[in-house]
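Enquirer: Protein chains in written order, with UniProt numbering: chain A, 1 to 174; chain B, 1 to 551.
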């Protein structure tokens, strides 16, 4: 297991609690499922220590709209890589709700989905491989395509915008 | 026709290289077949009964001569010398070797082609009217919008792991030849009260085991807003489409379960938030794409060609072909020529390497190098001078490509069925061959007139049997094939799902059953009625009676 973010392997600094687990009394950084966050919101935001939320397929990311600045991290769970709901959640969190914290893909995260995840706004990936393999995979995945047709919030220039720029340049040169 | 620029070219080359690496990782055991599966599917590689199958995209059914020639080369080099044109206007090869597929994809990339998203739970090849840019009844050429959809949908990062596959079809003509009402999204171009041309958006049509005619979620969306609107629909589907049961995962089930009003509400709510964003396409960009599909350099001709008329009068075979396979063109003096891939007793949609190369040559000689693939599994030369039709026909005839049966009872849509397909429950090709042979007499076919028979070898309905005037579904009953007949289906603007006539027939009985339906129709039709018209007038009962008697 390794977490890759910003071209390096980072430490796991978060404890993920399920619906039942006791809240740690200290200042641990914790991640809770969205349902638990909604139920225990007051207690959770009153704690010391970092707070994050885990989204599972079927969750409504808009439920976090008013709390995003309290969250340092949102993890989006892909129980199976074939379940693509998390891609929409990521774009809504980043592009619509303006979430600026860490957006981490967890679960069945495979090399060949990482570029799509990145395009949708993820910036961290939890892979099942060891550190070196994980880093190699993420690096390879992020550079194997360089042309993008769709505008997303990732800041990559689309083919259409580059074409437009080129047409404008040709026009001003003539 | 659209030509790739350096961006498109780069993207396809990178994809080809990416897949070569993925195949390498699979062959070395670095990834399991399970992990490889979605990767190969996104590149059109299926594992069939006997071998891998490669499905190559023909975006909106439009091919240039050099592309079709290359498809012929690929059939010879990587397959057994033939290919099969499909109901998604694509072509599939049945016998490639996995280790060689990356090379085949590289050969395709050389002519600006690929197999991207011809499978998998993503947005598939967008289909349209095969006569786009040529049809006399067209409001506007739909291909510029199809190309924009192609780009928007290619490697869409959010919509590559949808609940299920997703198919979009566009028609630019009120006479729908693209079956838009039985697609996940159907777009019908029309003019609104203000005189602007835009799209009616139809959602949730589909065939498969639960067929539905699509429902309109919006009467009119302007061209500038089309892509944000599509994105809104796809986002709603990606979030809320069912994923618990693969057979209930298509958008048609979502629309059916929540109702079209709720679907509309969700889509409009989503759209309101993105409509002014970066997916809005401005007029200048649309014009840029319209220019790419500018009409070829037509000559100014009289619509009457004396030589053409003389040939028709002198040669009955030629005039038969003209009658069935040649369609009116918007440009005077030109015609649309359909190349039938349904020779009597042949395999529907199959073409050999040399046939593909010949049609490529003929398209250069007679049709500005433009060829179309139809969802009914034929080819089209869209821009032929009437004066050239006779020479074209003579050359097609030499290659067994001039069967005069377009739209007739032997112009059958058929899926590959149990001869190839891992999902099939019955064979469909041999049955289509037998029906074709039974009705081989051309005068009789002409007398019967338009009659669309569509055959699927399983409930997934790749052969579109639900929308056949006569549909045939091959099933398996305790190890024996049997065939269920549906009547009254229609894929046109008057789309209807056919109704099951009754108990199925054995393989030996089904051809006779079709014949008795046809005989009944001939006996009771009124002047000018097609089979489907008669069926609509008299209903199921008279036909049921000839099939089952008192049973």
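Cβ coordinates follow ideal geometry from the N, Cα and C atoms, glycine included. From a predicted model like this one, the values you see are computed outputs, not experimental measurements.
Any idea what DSSP makes of residue 17 (chain A), helix, strand or coil?
Expert: Here residue 17 (chain A) refers to the residue found at position 17 of the first chain. Reduced to three states, the DSSP call for residue 17 (chain A) is coil.
Enquirer: Pull up the distance between the alpha-carbon of residue 468 (chain B) and that of residue 359 (chain B), whole angstroms please.
Expert: In the second chain, the residue the question calls residue 468 (chain B) occupies position 468. In the second chain, the residue the question calls residue 359 (chain B) occupies position 359. Cα to Cα, the separation comes out at about 28 Å.
Enquirer: Using 8 Å as the cut-off, can you tell me whether the stretch 126 to 146 of chain B makes contact with the stretch 185 to 196 of chain B, which would need three or more C-beta pairs spanning the two stretches below that distance?
Expert: yes
Enquirer: According to DSSP, simplified to helix, strand and coil, what is residue 85 (chain A)?
Expert: Looking up residue 85 (chain A) in the first chain gives position 85. Helix at residue 85 (chain A).
Enquirer: CB of residue 198 (chain B) to nearest heavy atom of the ligand GTP: below 7 Å?
Expert: Absence of the ligand GTP from the depicted structure is noted, as is the absence of any ligand whatsoever, leaving it without description.
Enquirer: Could you tell me if residue 316 (chain B) is buried or exposed, where buried requires 16 or more neighbouring beta carbons within 10 angstroms of its beta carbon?
Expert: The sequence position of residue 316 (chain B) within the second chain is 316, counting from 1. Residue 316 (chain B) is exposed by the Cβ-count criterion.
Enquirer: How far does the alpha helix (DSSP H) with residue 118 (chain A) in it extend, from its first residue to its last?
Expert: Against the first chain, residue 118 (chain A) aligns to sequence position 118. Here the alpha helix (DSSP H) through residue 118 (chain A) covers 111 to 120.
Enquirer: Can you tell which of A:131, A:88, A:156, A:151 has its C-alpha closest to the C-alpha of residue 60 (chain A)?
Expert: For the purposes of this step, residue 60 (chain A) is identified with residue 60 of the first chain, where counting begins at 1. When only C-alpha atoms are compared, the closest one is A:88.
Enquirer: DSSP state of residue 112 (chain B), grouped into three classes?
Expert: Within the second chain, the letter at position 112 stands for residue 112 (chain B). Reduced to three states, the DSSP call for residue 112 (chain B) is coil.
Enquirer: Can you check whether the C-beta of residue 63 (chain A) is within less than 8 Å of a C-beta belonging to chain B?
Expert: Indexing the first chain from 1 puts residue 63 (chain A) at position 63. Closer than 8 Å: no.
Enquirer: Enumerate, from N- to C-terminal direction, the unbroken alpha helix (DSSP H) stretches of 4 or more residues contained entirely within the stretch 25 to 84 of chain B.
Expert: Taken in chain order, the complete alpha helix (DSSP H) segments of 4 or more residues contained in the stretch 25 to 84 of chain B are 33 to 41, 65 to 78.
Enquirer: Kindly indicate which three-state DSSP category residue 125 (chain A) falls into: helix, strand or coil?
Expert: Your numbering for residue 125 (chain A) matches position 125 in the first chain. Strand at residue 125 (chain A).
Enquirer: Along the chain, where does the beta strand (DSSP E) that runs through residue 8 (chain A) open and close?
Expert: For the purposes of this step, residue 8 (chain A) is taken as residue 8 along the first chain, with counting starting at 1. Here the beta strand (DSSP E) through residue 8 (chain A) covers 8 to 10.
Enquirer: Since residue 381 (chain B) is in the beta strand (DSSP E), which residue starts that stretch and which ends it?
Expert: For the purposes of this step, residue 381 (chain B) is taken as the residue at position 381 of the second chain. First-last of the beta strand (DSSP E) with residue 381 (chain B): 379 to 385.
Enquirer: Does DSSP put residue 465 (chain B) in a helix, a strand or coil?
Expert: Here residue 465 (chain B) is taken as the residue at index 465 of the second chain, counted from 1. In this structure, residue 465 (chain B) counts as helix in the three-state DSSP scheme.
Enquirer: Hey, does residue 278 (chain B) have any beta-carbon neighbour from chain A nearer than 8 Å?
Expert: Counting from one through the second chain, the residue named residue 278 (chain B) turns up at place 278. It does: the Cβ of residue 278 (chain B) has a partner Cβ on chain A nearer than 8 Å.
Enquirer: The beta strand (DSSP E) spanning residue 298 (chain B) covers which residue range?
Expert: In the second chain, residue 298 (chain B) corresponds to position 298, counting from 1. No beta strand (DSSP E) holds residue 298 (chain B); DSSP gives it neither H nor E.
Enquirer: Three-state secondary structure (DSSP) at residue 144 (chain A)?
Expert: In the first chain, the residue the question calls residue 144 (chain A) occupies position 144. Under the three-state reduction of DSSP, residue 144 (chain A) is assigned to coil, being neither helix nor strand.
Enquirer: So what's residue 51 (chain A) in DSSP terms, helix, strand or just coil?
Expert: The count along the first chain starts at 1 and reaches residue 51 (chain A) at position 51. Reduced to three states, the DSSP call for residue 51 (chain A) is strand.
Enquirer: Is there contact between the stretch 44 to 64 of chain B and the stretch 341 to 351 of chain B, where contact requires at least three CB pairs shorter than 8 Å?
Expert: Verdict: no, contact absent.
Enquirer: Verify whether the separation of the beta carbon atoms of residue 329 (chain B) and residue 134 (chain B) is less than 8 Å.
Expert: Position 329 of the second chain, counted from the start, is the residue given in the question as residue 329 (chain B). Position 134 of the second chain, counted from the start, is the residue given in the question as residue 134 (chain B). It is a contact, given that the beta carbons lie within the stated cut-off.
Enquirer: Given that residue 104 (chain A) touches chain B, what residues does it touch there, using C-beta distances under 9 Å?
Expert: Here residue 104 (chain A) corresponds to residue number 104 of the first chain, with the count starting at 1. Going along chain B, no residue has its Cβ under 9 Å from residue 104 (chain A), so there is no contact; the nearest lies around 17 Å.
Enquirer: At a CB-CB cut-off below 8 Å, which residues of chain A make contact with residue 18 (chain B)?
Expert: For the purposes of this step, residue 18 (chain B) is identified with residue 18 of the second chain, where counting begins at 1. What residue 18 (chain B) touches in chain A: 144, 145.
Enquirer: Within this structure, are the beta carbons of residue 610 (chain B) and residue 340 (chain B) separated by less than 8 Å?
Expert: Not covered by the structure: residue 610 (chain B). The range shown for chain B is 1 to 551.
Enquirer: Check whether the Cβ of residue 75 (chain A) lies closer than 8 Å to any Cβ atom in chain B.
Expert: By 1-based counting over the first chain, the position of residue 75 (chain A) is 75. It does not: the Cβ of residue 75 (chain A) has no partner Cβ on chain B nearer than 8 Å.
Enquirer: Using 8 Å as the cut-off, can you tell me whether the stretch 468 to 485 of chain B makes contact with the stretch 421 to 433 of chain B, which would need three or more C-beta pairs spanning the two stretches below that distance?
Expert: yes
Enquirer: Give me the chain B residues within the contact set of residue 88 (chain A), using Cβ-Cβ distance strictly less than 8 Å, ordered along the chain.
Expert: On the first chain, residue 88 (chain A) is found 88 positions in, with the first residue counted as 1. Under the 8 Å cutoff, chain B gives 158, 235, 238, 239.
Enquirer: Please confirm if residue 2 (chain B) has its CB atom under 8 Å from at least one CB of chain A.
Expert: By 1-based counting over the second chain, the position of residue 2 (chain B) is 2. The C-beta of residue 2 (chain B) comes no closer than 8 Å to any C-beta of chain A.
Enquirer: Hey, does residue 159 (chain A) have any beta-carbon neighbour from chain B nearer than 8 Å?
Expert: Along the first chain, one-based indexing puts residue 159 (chain A) at 159. True, the Cβ-Cβ gap to chain B drops below 8 Å.
Enquirer: Following the continuous beta strand (DSSP E) through residue 197 (chain B), name the residue where it begins and the one where it ends.
Expert: Within the second chain, residue 197 (chain B) is the residue found at index 197, counting from 1. Start and end: 197 to 203.
Enquirer: Using a Cβ-Cβ cutoff of less than 6 Å, which residues in the same chain neighbour residue 36 (chain B) once the five nearest sequence positions on both sides are dropped?
Expert: Residue 36 (chain B) sits at position 36 when you count from the first residue of the second chain. Scanning its chain for C-beta atoms nearer than 6 Å, with the 5 sequence neighbours on each side dropped, one finds around residue 36 (chain B) the residues 26, in chain order.
Enquirer: Please determine, among B:16, B:389, B:248, the residue with the shortest C-alpha to C-alpha distance to residue 557 (chain B).
Expert: In this structure chain B extends from 1 to 551, so residue 557 (chain B) is not present and cannot be described.
Enquirer: So residue 243 (chain B) contacts chain A; which residues on that side make the cut at Cβ distance below 7 Å?
Expert: Here the question's residue 243 (chain B) lines up with position 243 in the second chain. Near residue 243 (chain B) (Cβ distances below 7 Å), the residues of chain A are 83.
Enquirer: When you compare the CB of residue 118 (chain B) with every CB in chain A, is at least one pair closer than 8 Å?
Expert: By 1-based counting over the second chain, the position of residue 118 (chain B) is 118. Taking Cβ atoms only, chain A never reaches closer than 8 Å to residue 118 (chain B), which makes this a no.
Enquirer: Identify the continuous alpha helix (DSSP H) that holds residue 310 (chain B) and give its terminal residues.
Expert: Here residue 310 (chain B) refers to the residue found at position 310 of the second chain. Looking at the DSSP string, the run of the alpha helix (DSSP H) that includes residue 310 (chain B) is 306 to 314.
Enquirer: Taking Cβ positions, are residue 431 (chain B) and residue 510 (chain B) nearer each other than 8 Å?
Expert: Residue numbering aside, residue 431 (chain B) sits at position 431 when the second chain is read from its first letter. Residue numbering aside, residue 510 (chain B) sits at position 510 when the second chain is read from its first letter. Yes.
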